[in-house]
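**Q**
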Amino acid sequence: MLYRYLITLCIFVLSISFSQAQFIYLAPPAPTEIAEAPHWAQLMYADNPNVFTVEDAYTKYYKNHLFEKNYHTQYYKRWRRFVEPYIQTDGTYILPDAETLIAQDEIMRNKHLSGTRSSSGDWTNVGPYQVYNQEGDFSNDQTNVYSIDQSTSNPNILYCGTEPGEIYKSTDAGATWESVTHDYYFSGVEAIEIDPTNADIVYAANGYSLFKTTNGGVTWNSMLYATGLWPHEILVNPSNTNIVIIVGENGVYRSTDAGDTWTHLFSAKAWDIKLKSDDDNTVYLLKNNATEKRSEFFVSTDMGETFILKDNGWYSSTDPSRYAGGSRIAVTPADPNRIYVYLIGDAKSGDYGYIGIYRSDDGGETWTLPNGPDGGPYNATHQNLAIGWVGWDYHQGFYNCAIMASNDDADNILIGGLNLWKSDDGGNTFTPLGGYISSTLDMHPDMQDFRANENGYWITSDGGVNYSNDFFFSENLRKSAGIHGAEYWGFGQGWNEDVTVGGLYHNGVIAFYSPYEAGNYLQLGGGEPASGYVNPGNNRKIYSTQIGSAIIPESIGEPILYGSFGIEPNESYWTAASSELEFYPSCYNICFTGKEHKLWKSEDGGSSFNALYTFGTNANASVRYIEIARNNPDIMYVTQAPAASGSGKLWKTTDGGISFSEITIPSVAGGSKDRILIAINPENPEQIYLAYPGAYDGSKIFYSDNSGTSWSNITNSILNSEDCRSISYVAGTDGGLYYATNYSIYYYNHSLGWNEFNNGLPFYTNSNILKPFYRDGKIRIATYGKGIWESALYEDPAYPIAQATVNKFNTFCATDTFYFEDYSFLNHEGATWSWTFEDATPATSDIRNPKIVFNSIGMHNATLTVTDINGNSSSNTITIEIQEVDRTNIAEDFEATFPPDYWTTSGVNSGASIWNKTDFAGGYSTSSNSALANNYDVNLEGGYSDLRAFINLEDITDPILTFDIAYTPYASGYIDSLAVLITTDCGETFTQVYYKGGFDLATAPTYSGGYFIPEDDEWRTDTILLNDFIGESNAIIAFRNIGGWGQLLYIDNVNLNGTAVSIQTPENINVNFFPNPVIAGNYITLSGSGLENFDVEIFNMDGKMVKKQQIHTGEKILIDITFSSGIYTFKIAGDSFMRFGKIVVL
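The numbering of the sequence shown is the working numbering, which starts it at 8 and goes up by one.
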């Protein structure tokens, strides 16, 4: 199965820098783009923006506008996340300068080297080392690699730098990689260069410093630092390796002693620097001219000591809207005088980030633009190489700006923007090769660094490293194995099976399952969601907002079975600001999450959700963290963020969410209380830990043993200068708590106090989410930019805590199977399980997850006893009910809880469902909601998804089923169908009573422009006679959606009544038709009592309405001569009366 979701990954370079303009390397877009931007974006680009003001305007804007990824939204995403640590209580922020940051790093380094940091813990990285696509091939969705270089003196050695700030080294020509900056933090490694004569000497640069190693990456030293340095390229001269030149936002620096001292040649920003391919004395430079608002080309013939402008034929614009966005150089040994320059920006308004590819054939003396004009207007032969595609004019500026030329043919060049383009005629014409708009090469969008040398060609992107020895004509090898720099924005893991899943920055949703080889992960799709959840009872069932739900395969390369996820929880790209998917302890298909200011509940495994409780009136005050007491699930804690500035809130319910009371949270000495993290003792919900990620030193974490009536500040100076990211209580301990920060991991319990727990971790470990994995006695963290790490627990739980869980608590089918699972706090090594079941088959079991059928109607207990390796035991009991069906009619409008009472969902071959309640449309626009099968997003590949209703037909006569339907095909080849089936043996066998598909099912013209949302005249009412099932006391009606990746399918107003059933039927109203049967061409009369008007609809057996008329009792309806012989159904409806029946036409 496939999931229709545009994988749009990306975005902008952002590192630690020190003013609004410098903090985000990607400069704000052209002034003309800002002028046309939404108000919230203009606020963001202003001097000294207020975070709370921008955030409020952003939220309000997208409540009324469809979200579309663009320059502004991506800029906002990174800006908002990275200013988070520096936000003041009034919404302003103060960014540190280079000296402050280096001093902070030194403090943390001394803490790291003090010896206490490594006192405990046994951390190892578990990936991802290699990501695979759904077909089982290497995927380009792993890590954003900013820069790369291959040694010319030893081609087996390469170095690359990642966006999260690590440097990796390969000693086998890129086949595998290992980090060589385990004990360093570099932020985004924008540029890297290996000494041409010594592969152990490497220069690497981030936003404020140039680093150097002379021993192959064992140690690194800062050679130059400055606020806003941001080097874009480093050049080491092969003829004299003491000459090193770096170019970047702070201009051009040159060293003649291998970086010990520097001369600042130019202060104007510079974009690129390259050597002439046959002359190490000749250096080419691209530098910005702020007055002319353009990049300019310079040549040096003295190894970069002096430079001369070369602009004969060069780009020039006098348009007031012109804008210089950056530029890159390509040279080639195939023609040493050939130079290409990729210019980005705007020559005028409306150029959307692209100017052109300039070319020189005489070493830069003269220039031409083979494919003109500068910028637009664009057409089929003059294309914008910077944007995503025609109609999506989104570009990413200098963040995606790269070019290289072939070593063998000077006319062959590759250009990187959001896509990869090629030209084989010297820049006269261009063809897309990969990215968003071409599948010629399987290449991740968003190109980063291009490198051509005598040993081949390298391309890095937001997804990793690619290599070719033939200029990507036929060879395109993924070379990212071991680069574990995945940036997890969401994370979940299994309970009894080793499963992890998470949304990555740039690289979609990836999952691991233990049968896969260690370090191998599977790409599931999506863009970059801040989510990843795992069902604790079915660990291969995962959830993420941009892919729905999915059953991951047992082996990579096998099909992924997709289903729906009926909500988009509150999720955030910045830390400690998301909600969770929290599961009910004893039923793994019941779960809770926060969306806006509401707590939502699902009872069908996450396929659909209903609002359980609303906290206040401001939808921007989002519900975040949820904790459910294991020993009493009616007790639940919920945190809530403020709508803008201010303090968050902590709420508690003792009745399962019917009502909540606010708990007074502790005060802080400084900082903010807007973000709140909580963790509770699963055995005693009165014991709570509460942490403030935004609080200052001295008031970071608190403890209460009386449900928050009073609080103790347990903050220790060991936590100073670090921000809390995640906390987790460890069951079976004396208050054991893991505390993850932006640098470290700590462990606390009431007896020992605070302990560092960092042995084996990188010096800078910026955690996002921390979770224990009790099955193996481990603790895991998903990090920002360093993948997933795990360690043995600091201390093992002293005893197990049993918890039985099951797929459902009740059923109307006595033959239904119940799927039990163990949800205990239990290390599985040496553990045993013992189950007993009342009046069931089997009555006992010693496996972890038995399948059980209960033998009789009524209440039945199921008890689980678990025993650990030390002989400690614990038991837990849950109750199952087998019910009788006592409902004899259906009148369902899907306006209340979904699925409604007496309804269930199932299917998709995998047991999931894509049926949900929607407010897109109600039947004939007379109601707000309907039931929806989402074939648009989820491809069932011919599989099915059922919406099932239980009904007792034992004492009913003439049962007639009617329902409203709305559907249109997506296009030929993308056809969905609807079948209605009846089972009287709890699903063992089905009888099909209705089937329509594609154009026969359609109620509106074909539509492929997005979601089909029906108008009021794009509905139809279909009717089915169910006389064959009269007398069945336990029938199930299944509305079966058979999906073909087509369109949305709606049903509404499902009614089943016999001849005597009505809704709100006063005793004085009783109407019917006579004569019946009737001969075509004659009249039937509405007889009976009642003075109101009645709407009469008559349908043939195909469900098509053939007659509609409004009449009173005593009035007649003509059964036209055109009526063919057969059975017809009718519907009589008044203000307080409704009846269904049949007419026989002779």
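By construction, the Cβ of each residue, glycine as well, lies at the ideal position given by its N, Cα and C atoms.
Does the distance from the C-beta atom of S913 to that of D953 stay below 8 angstroms?
**A** Contact: yes.
**Q** So the candidates are A337, D477, N503 and Q500; which of them puts its Cα closest to the Cα of I422?
**A** A337
**Q** Output needed for W910: all residues of its chain with C-beta closer than 8 angstroms, excluding positions within five of it in sequence on either side, in chain order.
**A** E899, L954, R955, A956 and F957
**Q** Would you mind sorting L833 into buried or exposed? The rule is 16 or more other CB atoms within 10 Å of its CB.
**A** Under this definition L833 is a buried residue.
**Q** Work out the CA separation of A1045 and Y93 for me, nearest whole Å.
**A** 56 angstroms
**Q** Rounding to the nearest angstrom, what Cα-Cα distance links V813 and F827 in this structure?
**A** When rounded, the distance between both Cα atoms is 4 angstroms.
**Q** Count the CB pairs spanning the region 409-425 and the region 329-348 that are closer than 8 angstroms, and state whether there are at least three.
**A** Taking 8 angstroms as the limit for Cβ pairs, the verdict is that the region 329-348 does touch the region 409-425.
**Q** S863 to L988, Cα distance in whole Å?
**A** If I take the Cα positions, the gap works out to 26 angstroms.
**Q** Around the Cβ of F304, are there at least 16 other Cβ atoms within 10 angstroms (buried) or fewer (exposed)?
**A** Buried: at least 16 other Cβ atoms inside 10 Å.
**Q** Return the bridge partner residues of F304 from the DSSP annotation.
**A** L293
**Q** In terms of residue numbering, what span does the alpha helix (DSSP H) encompassing M51 cover?
**A** H46 to Y52
**Q** What residues in its chain sit with their C-beta under 6 angstroms from that of N723, if we drop five residues either side in the sequence?
**A** Same-chain partners within the cutoff: W761.
**Q** Quick one: residues in its chain with C-beta nearer than 8 angstroms to the C-beta of I563, no 5 flanking neighbours on either side, listed in chain order?
**A** Y139, G143, Y523, N527 and L529
**Q** Nearest-angstrom Cα distance between M279 and N132?
**A** The sequence given here places Asp at residue 279; Met does not occur at that position. Rounded to the nearest angstrom, the two C-alpha atoms are 36 angstroms apart.
**Q** Which residue spans inside the region 457-517 form an unbroken beta strand (DSSP E) run of at least 3?
**A** 463-468, 471-475 and 506-511
**Q** Look at the alpha carbon of R335 and the alpha carbon of T375, and state the distance between them as a whole number of angstroms.
**A** 16 angstroms
**Q** For E43, count the other beta carbons within 10 Å of its own beta carbon; 16 or more makes it buried, fewer makes it exposed. Which is it?
**A** exposed
**Q** With a CB to CB cut of under 6 angstroms and the five nearest residues on each side skipped, what residues in its chain are close to S158?
**A** I164, I201 and A206
**Q** At 4 residues or longer, what runs of the alpha helix (DSSP H) sit wholly inside the region 953-979?
**A** Qualifying alpha helix (DSSP H) stretches: none in this window.
**Q** Verify whether the separation of the beta carbon atoms of I241 and A277 is less than 8 angstroms.
**A** no
**Q** Assuming W86 is part of the alpha helix (DSSP H), what are its boundary residues?
**A** Note, W86: alpha helix (DSSP H), Y78 to V90.
**Q** Provide the residue span of the beta strand (DSSP E) that contains P779, from first to last.
**A** S774 to F780
**Q** Pick out whichever of Y512, L531 and H513 has its Cα sitting closest to the Cα of F519.
**A** Nearest C-alpha to F519: L531.
**Q** What distance in whole Å lies between the Cβ atoms of I887 and A869, which are believed to be in contact at a cut-off of 8 angstroms?
**A** 6 angstroms
**Q** Might you give, ordered along the chain, the residues of its own chain that have their beta carbon closer than 8 angstroms to the beta carbon of S614, omitting 5 neighbours on each side?
**A** Counting only Cβ-Cβ distances below 8 angstroms, and skipping sequence neighbours, we find S556, G570, S571, F572, G573, T912, A919, S920, I921, W922 and N923.
**Q** Please return the same chain residues whose Cβ sits closer than 6 angstroms to the Cβ of F1130, not counting the five positions on each side in sequence.
**A** A1087 and V1152
**Q** Where does the unbroken alpha helix (DSSP H) through E828 begin, and where does it stop?
**A** Note, E828: premise wrong, no alpha helix (DSSP H); beta strand (DSSP E) at F825 to D829.
**Q** Quick one, which of L726, Y215, N577 and G442 has its alpha-carbon nearest W237's?
**A** Y215
**Q** Which partner residues does E669 have in the DSSP bridge list?
**A** W658
**Q** Any heavy atom of the ligand MG closer than 7 angstroms to the CB of E836?
**A** Absence of the ligand MG is noted for the structure shown, with no ligands found whatsoever.
**Q** Can you tell me which of the three DSSP states I241 falls into?
**A** Secondary structure at I241: strand, using DSSP grouped into helix, strand and coil.
**Q** Let me check one thing: in DSSP terms, what residues is M866 bridge-paired to?
**A** E888
**Q** With 16 as the cutoff for other CB atoms within 10 Å, does I114 come out buried or exposed?
**A** exposed
**Q** At what residue ranges does the region 677-753 contain a whole run of the beta strand (DSSP E), taking only runs of 3 or more?
**A** 684-688, 691-698, 708-711, 731-736 and 744-748
**Q** Can you tell me which of A265, G266 and Y260 puts its alpha carbon nearest to the alpha carbon of F273?
**A** The shortest CA-to-CA distance from F273 to any of A265, G266 and Y260 is the one to Y260.
**Q** Three or more beta-carbon pairs under 8 angstroms between the region 784-795 and the region 493-501, yes or no?
**A** yes
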